[in-house]
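Chains as they are written, first to last, in the working numbering: chain A, 1 to 296; chain B, 297 to 592; chain C, 593 to 888; chain D, 889 to 1184. Even for Gly, the Cβ is constructed at its ideal location relative to N, Cα and C. If you're wondering where the values come from, they're calculated on a predicted model, not measured in any experiment. Let me begin by presenting the structure, written as structure tokens, before commenting on it.
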């Protein structure tokens, strides 16, 4: 495919209503994103509470996304599962639903056994069988494992593996992925805190939870940085800091959903066992959001 | 129900043949366990590669188990999922399949958000809705989270929560679970290395991977310890050490499956991304197994 | 020397008065310990805030200890330093001060470089040069490194290395030290929470912070366990649990010093940057101490 | 003082000859640094194996440094100790030896007790008593503790605390230090891998082990970045990557000393328990060094 991964992608939330996926709210969110500077969306990522959805729900979410994500923007589907076979099946369903790319999180349950060799075989099997291009996904904060850089470098030579998303803010780790990336292999950061510095380091783009709340601010940081307007990029990155911290490290997905509500998107409560954030957290998030929007 | 959790349980492996669950081999294994000193089996636990099975496979495994596990032994079904709702659904299916008890692993994907309060609400919802008694399950080595002891103590007062399995070998952690356990609440260790010491500390029983390979040796250690024959218990525990280490910390589930093959059970290869152990590991495991059986 | 490491040792606190070491209080504490069931004392251990003393203070403490520790009890001196040469110098000074044995903590500053080989060379150099028998000391909670069991097994064959103290409560780790210990090589636990279970597992003794507060209760647990009175040992271990937890995992050395004050020993405030425990912690510790003494 | 912390500082190695500090080699190294673009040197840092020196050696090293470090460059002395009192004493000795600034590593032995409050009191006592301005020093990789950003923010208001060095490459952590830094408070990175990205993020300078080997390349990266020549900065950062990784994460201080030898500085073997790097590591380091110098 001709898609090049470049720019800012929003890993979109999955809103719920009375326990079920709120497809209307979900579609409305994505419709709004279509008019922003985002390069695309990630559906069924960590932020999308994919770990808390069953396969039928996941399929319906992808179908709904396809209806509203315009062809000029990438629809990336999270399809990682613990077993290689289940991951392949999810990739095929994502293709059937019309997704553009699959984002495949590292398996991690049997942590001690996830060696470089095990990761390599897993991803090669997935990439061989997947009808869609594969984006590797390292998210140590949730999985407790790290895809070795040399394994990523080997996998980068597979014709159907097009890039990697690393969610961490450790730029020594991120730099190792950049160092093994051949031309055309995308290295995306998932860290809002390290977004602009990672772009300086050579990142081709980012998948940022906060981009679901303030998509154009994230897109502007990317544009500033890639156009060499470093002062503007840094100033905007700093202004975004308090909100990003609140809906990231501090209150996570529940905080992000509260921010979505405050920004006029469909957010709502997360699915249990996640708990909604307390009222004082909402107040803090509101304050940070308003301060950011007032300055922007 | 009148079942009291006491004694040794085997968390049974799920054998595969050409990628599919080998129900014949599985049933044959459980049939053999019926004539041992085991108090019961855990189906669909970590050792059973439950993380790598889909729901249909899981259901068939439980139905098969019910056919061969005699009524005098407990059939415990692993039903933990990341979402509270999916966990409840799995508990109901386990009940439909005729299981006796459900073993519910802590959710763990959103690690930073799994507070004591989040765990408490999750388990209360599950226990309220589950047709079967609930056994809590803390397995930090795989999940990266730890159920706080005071939360376990609160949950222990729920009428439908009957005990806890802690897989760790840290007896300070295990001792805290023992300290908060009311009378009748079972505290089981999942650590083979700490099996006999945990019994000394007050454990009511154990769920030991190696019990699938040498069930009667494990049962004998339990009998010796509870009958006050400490020298015999310790001697047997020590003899079991090398095998237990090989199929536990060192080679994990793939090693255990190799040991099952060597002991005449259906073991076979694990499901990818798990890799089968190399030939030299099989040789070492064989040596440890033979040394143990020769001495026993 | 004819000393065999067996029984309970107290790692004694270093009391301070107006910032200086309170040698009178220290000597008074040790004089009282002489009439207990303790097998000896460890001076300048972690509990003794050795990390916060300079070499002159350390020397004076050892000299003072030698004056009051009777010949029938072991005087063990903590002499671990980061450099091999400084450790050897400390061992020589401990010998000059009349100590019986040196306890040598693993170096740990350059964590990533502390391989089994680095540990082996360090301890061999120390043991070759030390005038006193060496007790290895693994204390992962403070150092962040773990002495590999196979390295410990190699070192155990050195004529001047007589045992190991492992402070952890992970009995899988502890069991590996036991498994590599030749006859006559002492394996001591430093975990109060795992004290009795570790004795069941084969530990030859223990170095327990709480033994400075309730020496005879700790000695009784050892006597009960080694005499086969398991019910009595476990009952006493359990009664000691709340106090041990308060002056161990929860409030550490500052908590232990508060408990010493409450038990009539010289405790006092720790040296900064350690902070004294707050008043409510003292109240809790008092409660646990009185409950234990009332029951004993 | 009028010194502003800005630019690149080399944390210089301490060469040894036959077990003793090689003051001649040390002075020769620093004499060469005087003619480079370095803004100054850190003596007695982690790289200087300060943990392996005794106080007399440390004093002599500082005196020697003062003789050759020109007045236009900062002489920063590492003075962190575990106890507050010993740290203050070391700061006074550093002042007596003519140092300009003291770099004070977080105490860390009693990890669980190093709360924000404990850190705050420690650093306030040190800064109150130190004759020299204090640079905070967070080095989690060696200490296992992290100075909380809000505590750093409180300490930044102390008149005698002039900045912080954070050795980590996690730019989320680093960004929090930047966010709490008042005007004039220097935030320096100690991560070579994250050097240029950290400058983009707002770092005022860096303390880089590799700057002892290739001082002018490091200084050029700083100059490029601060002058807005981002492409040049990134290109040079990337070329430096393999060498930086080899003498940093991979082979640490022993690797750095091998690189110093190769670059014509006095390096030599580290002090035990550190082991010299093997011959093949030296070959790899040589290769990376030559490739870097050939391209520069």
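Cβ-Cβ separation between residue 695 of chain C and residue 727 of chain C: approximately 5 Å, consistent with a contact (criterion under 8 Å).
Using a Cβ-Cβ cut-off of 8 Å, residue 84 of chain A counts as an interface residue toward chain B, since at least one Cβ of chain B sits closer than that to its own.
When C-beta atoms of the region 273-282 of chain A are compared with those of the region 24-41 of chain A, fewer than three pairs fall below 8 Å, so the two segments do not count as touching.
Within the same chain, Cβ atoms closer than 7 Å to the Cβ of residue 215 of chain A are found at 10, 33, 36, 37, 38, the five residues on either side in sequence being excluded. Per DSSP, reduced to three states, the secondary structure at residue 604 of chain C is coil, with no helix or strand assignment. Residue 100 of chain A counts as buried, since no fewer than 16 other beta carbons sit within 10 angstroms of its beta carbon. With respect to the C-alpha of residue 769 of chain C, the residue from C/784, C/794, C/789, C/785 having the closest C-alpha is C/794.
In the DSSP assignment, residue 993 of chain D falls within the unbroken beta strand (DSSP E) covering 989-993. Non-local beta-carbon contacts of residue 1162 of chain D in its own chain, meaning distances under 6 Å to residues more than five positions away in sequence, involve 1142 in chain order. Of the residues assessed, residue 392 of chain B falls on the exposed side of the cut-off, its CB having fewer than 16 other CB atoms within 10 angstroms.
Under DSSP, residue 727 of chain C takes part in a beta bridge, and its partners are C/695, C/755. By the neighbour-count definition (other C-beta atoms within 10 Å, threshold 16), residue 934 of chain D is a buried residue. Counting only unbroken stretches of 4 or more residues, the alpha helix (DSSP H) elements lying wholly within the region 439-517 of chain B are 445-451, 467-476, 491-497, in sequence order. Per DSSP, the unbroken alpha helix (DSSP H) holding residue 1177 of chain D starts and ends at 1167-1183.
Between residue 957 of chain D and residue 930 of chain D, the gap from beta carbon to beta carbon reaches 8 Å or more.
The beta carbon of residue 1032 of chain D sits closer than 8 Å to some beta carbon of chain C.
Residue 1044 of chain D and residue 567 of chain B have their C-alpha atoms roughly 54 Å apart. Of all residues in the region 759-775 of chain C, the ones placed with a Cβ closer than 7 Å to any Cβ belonging to chain B are 761, 762, 763, 764, 767, 771, in chain order.
For residue 199 of chain A, same chain residues with a beta-carbon under 6 Å away, outside a window of 5 residues either side, are 225 in chain order. Chain-order list of chain D residues neighbouring residue 646 of chain C: 974, by C-beta distance under 7 Å. From the beta-carbon of residue 130 of chain A, no residue of chain B is found nearer than 8 Å; the closest lies around 15 Å away. Exposed is the label assigned to residue 1047 of chain D, since fewer than 16 other Cβ atoms lie within 10 Å of its Cβ.
Nearest CB-CB separation between residue 1124 of chain D and chain A: not below the 8 Å threshold.
For residue 1141 of chain D, the chain C residues whose C-beta falls within less than 9 Å of its own C-beta are 702, 705, listed in chain order.
Below 8 Å, too few C-beta pairs join the region 79-98 of chain A and the region 532-549 of chain B to call them touching: fewer than three. Residue 475 of chain B places its beta carbon less than 8 Å from that of residue 833 of chain C. The C-alpha of residue 213 of chain A lies about 9 Å from the C-alpha of residue 264 of chain A. The Cβ-Cβ distance between residue 230 of chain A and residue 6 of chain A does not fall below 8 Å. Between residue 1005 of chain D and chain C, the shortest Cβ-Cβ separation is below 8 Å. If you look at residue 634 of chain C, you'll find it in the beta strand (DSSP E) that goes 632-635. Neighbours of residue 907 of chain D in chain C, taken as residues whose beta carbon is under 9 Å from its own, are 677 in chain order.
In this structure, the beta-carbon distance from residue 741 of chain C to residue 761 of chain C does not fall below 8 Å. The residue from B/590, B/470, B/316 with its alpha-carbon nearest to that of residue 443 of chain B is B/470. Under the three-state reduction of DSSP output, residue 966 of chain D falls in the strand class.
Within the same chain, and ignoring the five residues on either side of residue 547 of chain B in sequence, the residues whose Cβ sits closer than 6 Å to its Cβ are 573, 577. Contact check for residue 262 of chain A and residue 289 of chain A: beta-carbon distance about 5 Å, within the 8 Å limit, so the pair qualifies.
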